[in-house]
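The structure appears right after this line, and notes come after that.
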Amino acid sequence: MSRYLITSALPYINGIKHLGNLVGSQLPSDVTARYLRARGHEVMYICATDEHGTPAEIAAAKAGKPVAEYCAEMWAVQKDLAEGFGLSFDHFGRSSSERNRRLTQHFAKQLAEAGLIREVEEKMIYSPTDGRFLPDRYVEGTCPNCGYDSARGDQCENCTKQLDPTDLIEPRSAISGATDLEVRETKHLFLRQSAMAKQLEAWIDTKADWPILTTSIAKKWLRDGDGLQDRGITRDLDWGIPVQKGDAPWPGMEGKVFYVWFDAPIEYIGATAEWADAHELDDAAWQRWWRTDLGAEDVTYLQFMGKDNVPFHTLSFPATILGSGEPWKLVDYIKSFNYLNYQGGQFSTSKGRGVFQDQALAILPADYWRWWLMSNVPETSDSEFTWEMFQAGVNKDLADVLGNFVSRVTKFCRSKFGEAVPEGGAYGPAEEALIAELTTRVAAYQAHMDAYELRKSAAELRAIWVAGNEYLQAAAPWAAFKQDPDAAAATVRFALNLITLYAVLSEPFIPDFSARVRAAFGIDSQPWPEDIGAALAILEPGHAFTTPDVLFAKITDEQREGWEQQFAGA
RNA sequence: GGGCCUGUAGCUCAAUUGGUUAGAGCAGAGCGCUCAUAACGCUUUGGUUGGGGGUUCGAGUCCCUCCGGGCCUACCA
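Its first residue numbered 1, the first sequence is counted upward by one per residue in this note's numbering.
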């Protein structure tokens, strides 16, 4: 038994997320967490909302609510959706928590004492109308290069030229449209990542087993141009963690907060501490996951995220951890994902294009989404959601191959032997051959899961389901029953056991299915099938069950067409 | 502009890191079965691995070049 700390990238607080956010961090981390728990490992699985920053303030203003109130509400909404998708977080925290505030201020103090913080006097755009400094991206105007009239202050979307907000012709606030912008001096703290670049690169070079996507992004940042740049870790905002040196004030930084990307990863630690608080445990309970001097030396730490998050998890956060000079746990494996597109374009929150999490759960159960998204997860390149592929995949895999297998076995048994595992007959070469095949396939499934290869794992799991149908077809108990009811009984007994084997093996991907099978067979919990033959002998003759209803109803053409229309966007 | 990823069957993806005849699923075709959600099983069609050149005994894999798709580029997060 080992110990695994698993974190899923923190979803941002400003609204309900679409399927893209699920596919690249929350679902794969959940599948992995469930698998590792099932294998008997000790798992701490953490997620939280990322609540600070300008977009949160703007979203709250748009909703007409104080930002703290808005975030509290959206946290509850996101927590409910996570539960709806079956995400098995040990704790779903908030980056605005007291725990995170203290930890973030603590790290800042440690970094300052290590000489890794420098103060920089900057000129920033200030909007009196909005009453705030504007991030580059929130300044719009005409591009000096191509004349595009909605260029942003960081880059022109039209000609891709990188800009400074002061380059823009007739600049205006993207928030209010105000044109009375002025340049003001302001002081900020920078994390001296450049001083740590060599150390970070040496560390990343030891990670030969990481996805190419992860290491190539990290190395690009390390080597691009003048190398790794220092990064501003404070902002002129109201909503955030006040800049302090631990418990002490930070002279000259009054009224400023830490940059959201500084405090968000620290919330992985904060949320683990929140978990301990919620369970009325002491600090040692969470420190044994995070402090290598306090019990975390044998922890394997896995992070899951979309590719946009990679620079912060490979460089900024490790710089924070390493730079602190304290024995905090560094990540061991970073699993990163490409993007999921929607019907030939991108998901778009602003255009209402694509499926959002609340809508997804309103039209279909979580297992449908979990299965399709994970069996098509964008591991090697961007992948695409289309309703046609979704319908075809779910109907074939879940309804026809798996659901119908459960259906045909339980209904045949009910009609010929009643709703209990039949006795009589004996297993023979067909059963032995299937046990041998499944032993090989389960080993392959485990190997893929152990390597965090979700797509291959899903394909192998599906092959395991298919093997049941092949067996049943060859054994043909409906034919055998006429001459030799005992032989049919043995086949059915074996097939009923297969159903419960499928329940435990499939649980990481489709937990609702597993729960329904267990309920139908009156099973409380299932051990991982270390020995397939033994696992297929658990249900003994006489074990009663209730024939489940159709487990996965098919998606009809009418439904698919309706949803295509409904989610096409404006 | 720079960097990275990617291009394999109609579609979605594999291919033990240079090693026999490039494999699966879906879709298509044929046959079988009738327990089951018109489900299942078996068989089968389908490839100049984007184009061209090179290295090598041997290239989907390495190099050059051209073409297509995507992502990142540090103040959105």
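No residue lacks a Cβ here, since even glycine has one placed at the ideal position from N, Cα and C.
All values derive from a computational prediction rather than experimental measurement.
- V260 (DSSP reduced to helix, strand or coil): Taking the first sequence and counting its residues from 1, the one referred to as residue 260 is at position 260. Note: V260 maps to helix in three-state DSSP.
- Query: Which runs of the alpha helix (DSSP H), 4 residues or longer, sit entirely within the segment 474–507?
  - Reply: 477–483 and 485–506
- Item | Proximal residues to E42 (C-beta, below 8 Å), its chain only, five neighbours per side dropped | Translated into positions along the first sequence, residue 42 becomes position 42. Result list for E42: M1, S2, R3 and Y4, in chain order.
- Message: Would F647 and A271 be called neighbours here (beta carbons separated by less than 8 Å)?
- Response: The structure shown does not extend to residue 647, since the chain is modelled only from 1 to 570, so the question has no answer here.
- Using the C-alpha atoms, what's the distance from A420 back to P541? Translated into the one-based positions of the first sequence, residue 541 becomes position 541. Translated into the one-based positions of the first sequence, residue 420 becomes position 420. One C-alpha to the other measures close to 7 Å.
- Item | F304 beta carbon less than 8 Å from that of K335 | The residue you call residue 335 lines up with position 335 of the first sequence. The residue you call residue 304 lines up with position 304 of the first sequence. Yes, the pair counts as a contact, with Cβ atoms nearer than the cut-off.
- Message: Quick check: L168 and G131, are their CB atoms within less than 8 Å of each other?
- Response: Looking up residue 168 in the first sequence gives position 168. Looking up residue 131 in the first sequence gives position 131. No, the Cβ-Cβ distance between L168 and G131 is not below 8 Å.
- Spatial neighbours of L315 in its chain, beta-carbon cut-off 8 Å, leaving aside the 5 residues before and after: Mapped onto the first sequence, residue 315 falls at position 315. Answer for L315: Q193, L200, A218, W221, L222 and L228, listed in chain order.
- Message: For K411, tell me which candidate among G15, I13, G24 and D549 has the shortest Cα-Cα distance.
- Response: The sequence position of residue 411 within the first sequence is 411, counting from 1. When each option's Cα is compared against that of K411, the closest is D549.
- Item | DSSP-derived helix/strand/coil call for R115 | Walking along the first sequence from the start, residue 115 turns up at place 115. Checking the sequence shown, residue 115 turns out to be Gly, not Arg. Three-state result, G115: coil.
- Task: Put E98 into one of helix, strand or coil per three-state DSSP.
- Result: Here residue 98 corresponds to residue number 98 of the first sequence, with the count starting at 1. Correct three-state label for E98: helix.
- Item | E122 (DSSP reduced to helix, strand or coil) | The sequence position of residue 122 within the first sequence is 122, counting from 1. Strand.
- Limits of the unbroken beta strand (DSSP E) element including G403: Locating residue 403 in the first sequence gives position 403, where the first residue counts as 1. No beta strand (DSSP E) contains G403, which DSSP labels as neither H nor E.
- Between the beta-carbon of K256 and the beta-carbon of A296, is there less than 8 Å? If you number the first sequence from 1, residue 256 lands on position 256. If you number the first sequence from 1, residue 296 lands on position 296. No, Cβ-Cβ distance for K256 and A296 is not below 8 Å.
- Message: If I follow the unbroken alpha helix (DSSP H) through C71, where does it start and stop?
- Response: Taking the first sequence and counting its residues from 1, the one referred to as residue 71 is at position 71. Per DSSP, C71 belongs to the alpha helix (DSSP H) from V67 to G84.
- Query: Excluding sequence positions up to five away, which residues of its chain have a Cβ less than 8 Å from the Cβ of A463?
  - Reply: The sequence position of residue 463 within the first sequence is 463, counting from 1. Result list for A463: R441, in chain order.
- Message: Per DSSP, what are the beta-bridge partners of E185 in this structure?
- Response: For the purposes of this step, residue 185 is taken as residue 185 along the first sequence, with counting starting at 1. Bridge partners of E185: K123.
- Query: In the DSSP assignment, what are the bridge partners of V139?
  - Reply: Working through the first sequence from its first residue, we reach residue 139 at position 139. Partner(s): S173.
- Got a sec, what are the start and stop residues for the beta strand (DSSP E) Y301 sits in? Position 301 of the first sequence, counting from 1, holds the residue named residue 301. Y301 -> beta strand (DSSP E) spans V299 to G306.
- Item | Of the residues H18, K245 and Y12, the one placed nearest D358, counting alpha carbons only | By 1-based counting over the first sequence, the position of residue 358 is 358. Nearest option by C-alpha distance: H18.
- Is the segment 76–90 in contact with the segment 231–250, if contact means three or more CB pairs nearer than 8 Å? no
- Task: Could you tell me which residues DSSP pairs with P249 in its beta bridges?
- Result: Position 249 of the first sequence, counted from the start, is the residue given in the question as residue 249. BP columns for P249 point to Q244.
- Item | Neighbourhood of R137 by C-beta distance below 8 Å, restricted to the same chain and skipping five residues each side | Position 137 of the first sequence, counted from the first residue, corresponds to residue 137. Answer for R137: R152, G153, D154 and A174, listed in chain order.
- Query: Roughly how many whole angstroms lie between the Cα atoms of M605 and L22?
  - Reply: Here the chain has residues from 1 to 570 only, and residue 605 is not among them.
- Query: Do the segment 421–434 and the segment 560–569 make contact, defined as three or more Cβ pairs closer than 8 Å?
  - Reply: no
- Message: Between L111 and A195, how many whole angstroms is the CB-CB distance? I'm expecting something under 8 Å.
- Response: For the purposes of this step, residue 111 is identified with residue 111 of the first sequence, where counting begins at 1. For the purposes of this step, residue 195 is identified with residue 195 of the first sequence, where counting begins at 1. Not really, about 11 Å apart at Cβ, beyond 8 Å.
- Query: Cα separation between G323 and Q105?
  - Reply: Taking the first sequence and counting its residues from 1, the one referred to as residue 323 is at position 323. Taking the first sequence and counting its residues from 1, the one referred to as residue 105 is at position 105. So the alpha carbons of these two residues sit roughly 14 Å apart.
- Message: Whether or not the segment 479–489 and the segment 513–531 are in contact is what I'm after, with contact meaning three or more pairs of Cβ atoms, one per stretch, closer than 8 Å; do they touch?
- Response: no
- Item | Residue of I499, G424, G20 and L539 minimising C-alpha distance to A487 | Residue mapping note: residue 487 aligns to position 487 of the first sequence, counting from 1. Of the candidates I499, G424, G20 and L539, the one whose C-alpha sits nearest the C-alpha of A487 is G424.
- Classify E558 as helix, strand or coil using the three-state DSSP reduction. Taking the first residue of the first sequence as 1, we reach residue 558 at position 558. Residue state, collapsed to three classes: helix.
- Is there contact here, the segment 459–475 with the segment 377–386, by at least three beta-carbon pairs under 8 Å? no
- Nonlocal neighbours in the same chain, by C-beta distance under 6 Å from F337, ignoring five residues either side: Counting from 1 along the first sequence, the entry for residue 337 is found at position 337. Counting only Cβ-Cβ distances below 6 Å, and skipping sequence neighbours, we find G24, G306 and P378.
- Which residue's Cα is closest to the Cα of Y126: A178, E470 and L505? For this step, residue 126 is matched to residue 126 along the first sequence. It is A178.
- Inspect the beta-carbon positions of A114 and G325 and report whether they are closer than 8 Å. In the first sequence, residue 114 corresponds to position 114, counting from 1. In the first sequence, residue 325 corresponds to position 325, counting from 1. Yes, these two residues count as a Cβ contact at 8 Å.
- Determine the DSSP secondary structure at E460, reduced to helix, strand or coil. Here residue 460 refers to the residue found at position 460 when the first sequence is read from its first residue. Helix, per DSSP.
- Indicate the three-state DSSP secondary structure (helix, strand or coil) for M1 in the structure shown. Numbered from its first residue, the first sequence carries residue 1 at position 1. Three-state DSSP puts M1 in coil, outside helix and strand.
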